[in-house]
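Below is one structure, written out as structure tokens; comments come after it.
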Amino acid sequence: MTSTKDLKKSELQNGTVGTRENWLKVTSGLKCVKDGICTLTETVMAQFQQEIIRHINMSVVEACNNESCKRDCILNQGVGNFQCPNNVCDSFMKSITEVHMNKKMVSWKNCEVRCWPVKCWEIAKAYMPQNQSSANTGPATTDCSALLQLMWNCKKFRTELKITANPIRKV
Ligand SMILES: [Zn+2]
45 MTSTKDLKKS ELQNGTVGTR ENWLKVTSGL KCVKDGICTL TETVMAQFQQ EIIRHINMSV
105 VEACNNESCK RDCILNQGVG NFQCPNNVCD SFMKSITEVH MNKKMVSWKN CEVRCWPVKC
165 WEIAKAYMPQ NQSSANTGPA TTDCSALLQL MWNCKKFRTE LKITANPIRK V
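Counting from 1, position 169 in the sequence shown corresponds to residue 213 in this note's numbering; the numbering is continuous, with no gaps.
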């Protein structure tokens, strides 16, 4: 069996001293970053959802009951033509498009369209890479790169967080 003393000795010889400790720090640091991003993305998306609900004056906040409001309709008819008889899905669609960095790159395929008023993560998924699984129901089930893409693609993160293009200039 290798004693701690021997392990330290071999780490010294290999030039890997402290490597395990560093990895533990890195791992716990990354976990903190992911936790922070999870809270942030969920908060910003929930606020955005409420903003749209207020904007369209929904008296009862519930999923759209028109079964023909589907992602395929938006994809086939285009953003300019898709209409929801309740004026719910199309209003959400317009607001989602307005704050996307690239209006032609909205991932409608990821979204359960009719759930936009009740599930803010269905809004978030419009800003993520295509083909998010239906098991992606919140930040905890979203991988880090998709969360970062959401923050990059959705302008709400810039306005809510007051991020400027060059913060150094302000100093
Ligand atoms: Zn609808």
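Every residue, glycine too, gets a C-beta built ideally from N, C-alpha and C.
Taking C-beta to C-beta, are residue i and residue j nearer than 8 Å?
i	j	result
CYS159	ALA107	yes
LEU191	THR85	yes
ILE167	SER135	no
ILE140	VAL132	no
CYS198	TYR171	yes
MET145	VAL123	no
Please name the residue or residues paired with residue i in a DSSP beta bridge.
i	result
HIS99	DSSP output for HIS99 lists no bridge partner at all.
CYS198	HIS144
Assuming residue i contacts residue j (C-beta within less than 8 Å), just tell me the rounded distance between them.
i	j	result
CYS82	PRO183	4 Å
LYS200	PHE92	5 Å
ASN175	LYS153	7 Å
VAL105	ILE118	Between ILE118 and VAL105 the Cβ distance is about 21 Å, and since that is not below 8 Å, they are no contact.
VAL157	ARG115	5 Å
PRO161	MET102	6 Å
Skipping 5 residues on each side, what residues in its chain have a beta carbon closer than 6 Å to that of residue i?
i	result
LEU180	With the sequence shown as reference, residue 180 is identified as Asn, and Leu is not the correct amino acid for it. Result list for ASN180: THR186, in chain order.
TRP196	none
GLU111	none
SER72	none
LYS163	none
LYS147	THR141
Note down, in chain order, each residue of its chain lying with its Cβ closer than 7 Å to the Cβ of residue i, except the 5 sequence neighbours on either side.
i	result
LYS78	CYS188
GLU95	none
VAL143	CYS198, LYS199, LYS200
For residue i, which residues in the same chain have their Cβ closer than 8 Å to its Cβ, ignoring the five residues on either side in sequence?
i	result
GLN193	TYR171, MET172, PRO173
CYS155	ARG115, GLU166, ILE167, LYS169, ALA170
In chain order, what residues place their C-beta within less than 6 Å of a heavy atom belonging to ligand 1? CYS108, ASN110, CYS113, CYS128, ASN130, VAL132, CYS133, ARG158
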